[in-house]
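See structure below.
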């Protein structure tokens, strides 16, 4: 069988050489322009011949008299590549032929805001995010709810149901921040305003316990008079206007660094709400899911939206992008403010995919993230195997992407995709691939935000709760 294959290969090669000689004779006396065209034609023929010869070599391997099949766990020695289950080709060698930094890895910072005022204190900085217009909206909408309560509870003291103002609303927010400082976010008001030495005097100095409870119950962020009309088109009508203003202020007063992070966070909540979800792996388990784009180093919220059910991830996207998978829609919606700035986006395996990394490159962004092992672009060699040594790694390259498979422990493998790394470099300190090190440094931006806003249980808990004794939820 081997001799038959060799003869087939020899005959094919002889025919191709004869064809080349005939073509050279036909163009022997051509002018310079024709010679250039012949050279181009010869290049195309050489590519065609290379394909033909490779096919003959594949046949020779399959029909070898030794009867040894090529293992699928080693790269093709002739093609020097790996292949995914769907035929996606990864080169064993990188495509980086120069030491110059690629253009897409150079961050283009947007023009800085003209206002470079140094903030005299934390209050001035806070007011940049919660501006006066937002405070006035809260005051106006809360007073409408207080008016409803005054009509409903006509026999109750008018003093506790009086209209509020901007100063009192800021004082209320200040007390809520203090409750976080004292690690008693979920403590009831009886504990906070206790006079037996267990409470905190600052609460009693600012306002009474009943006024505090009244404001918490009447606090509103939108006009309740036209809410029902807005709910027909906006499921988040009660908070969307206020939330969008907050995100706009976050973007107007901060310039993110070169590394950003996309992830989800769960805001603990068990009240009456149609879009409360259950996430068993989160500490709170029940709450409102918020998709966040943050600065990876500073853990600053730069863009976010509230998940309110099916279709919420594709809001504002073109119709073609709304047909993509939900994780891809989520990333494309969040990265709109930083498009074409050459920043990097880091995300976990729920978001990651090869098409997403390629789409972000077209939008002027690079991507780094872990990959689920069910992606068909991943070659079999990159999967967990007993034959792979601990802390060993495999790299696969395309012109724009790099695939890494790292073995942290026996029979395990972590797979990452990156469009900002283009070589199989290793960190000198940790002796791990650079892709792994960079991912670990940039993946926790949203997790740190989730940690900072998480409700911390108080040492003492009461049974009364955060509500007025005469008002039902």
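Residue numbers (the working numbering): 245 to 717.
Every residue gets a Cβ at the ideal spot worked out from N, C-alpha and C, and that includes glycine.
Predicted model, so just to flag it, every value in this text is computed and none were measured.
- Ranking 326, 609, 546, 640 by CA distance to the CA of residue 488 puts 546 first.
- Residue pairing by DSSP places residue 589 opposite 504, 611 in a beta bridge.
- DSSP places residue 327 in the uninterrupted beta strand (DSSP E) bounded by 325 to 327.
- Judged by their CB atoms, residue 612 and residue 588 are nearer to each other than the 8 Å cut-off.
- Spatial neighbours of residue 575 in its own chain (CB-CB distance under 8 Å, excluding positions within 5 residues in sequence) are listed in chain order as 506, 589, 591, 595, 600, 604.
- About 12 Å separates the beta carbon of residue 580 from that of residue 573, a gap too long to meet the 8 Å contact definition.
- By the Cβ criterion, the stretch 615 to 629 is in contact with the stretch 640 to 651, since at least three pairs of Cβ atoms, one from each stretch, lie closer than 8 Å.
- In this structure, the CA atom of residue 523 is about 44 Å from the CA atom of residue 324.
- Just so you know, the alpha carbons of residue 483 and residue 405 end up roughly 23 Å apart.
- By the neighbour-count definition (other C-beta atoms within 10 Å, threshold 16), residue 666 is a buried residue.
- In the DSSP assignment, the residues bridged to residue 533 are 510.
- DSSP places residue 413 inside the alpha helix (DSSP H), whose first and last residues are 410 to 425.
- For the stretch 619 to 663, the continuous beta strand (DSSP E) assignments of 3+ residues that do not extend past its boundaries occur at 637 to 641, 646 to 650, 658 to 662, in sequence order.
- For the options 626, 448, 472, 563, the alpha carbon positioned closest to that of residue 328 is the one of 626.
- Between residue 678 and residue 351, the C-beta spacing is not below 8 Å.
- Every unbroken stretch of the alpha helix (DSSP H) spanning 4 or more residues and falling wholly within the stretch 550 to 606 is given here in chain order: 563 to 566, 570 to 578, 598 to 606.
- Using a Cβ distance threshold of 8 Å, residue 386 and residue 462 count as a contacting pair.
- Rounded to the nearest whole angstrom, the C-alpha separation of residue 379 and residue 414 is 8 Å.
- No residue range can be given for residue 520, since it is assigned to no beta strand (DSSP E) and is classified by DSSP as neither H nor E.
- Note on geometry: alpha-carbon atoms of residue 433 and residue 439 lie some 12 Å from one another.
- Our two residues, residue 593 and residue 616, have alpha carbons roughly 6 Å apart in a direct line.
- Around the beta carbon of residue 544, 16 or more other beta carbons sit within 10 angstroms, so the residue counts as buried.
- As the crow flies, the alpha-carbon of residue 642 is around 15 Å from that of residue 330.
- Scanning 629, 691, 660 for the CA closest to the CA of residue 639 turns up 660.
- Three or more beta-carbon pairs separated by less than 8 Å link the stretch 688 to 699 to the stretch 526 to 543, which places the two stretches in contact.
- As DSSP reads the structure, residue 334 sits in a beta bridge with 326.
- Ranking 652, 693, 656 by CA distance to the CA of residue 676 puts 652 first.
- Annotation for residue 683: the continuous alpha helix (DSSP H) segment containing it runs 678 to 686.
- The beta carbon of residue 326 sits closer than 6 Å to the beta carbons of 319, 334, 623, 625, 640 from its chain, once the five residues preceding and following it are set aside; these are given in chain order.
- Scanning its chain for C-beta atoms nearer than 6 Å, with the 5 sequence neighbours on each side dropped, one finds no residue around residue 582.
- The three-state secondary structure of residue 439, taken from DSSP, is coil.
- When DSSP states are grouped into helix, strand and coil, residue 538 belongs to the strand group.
- Proximity of the stretch 450 to 458 to the stretch 368 to 383 falls short of the contact definition, fewer than three beta-carbon pairs being nearer than 8 Å.
- Put simply, of 577, 445, 337 the residue whose alpha carbon is nearest the alpha carbon of residue 563 is 577.
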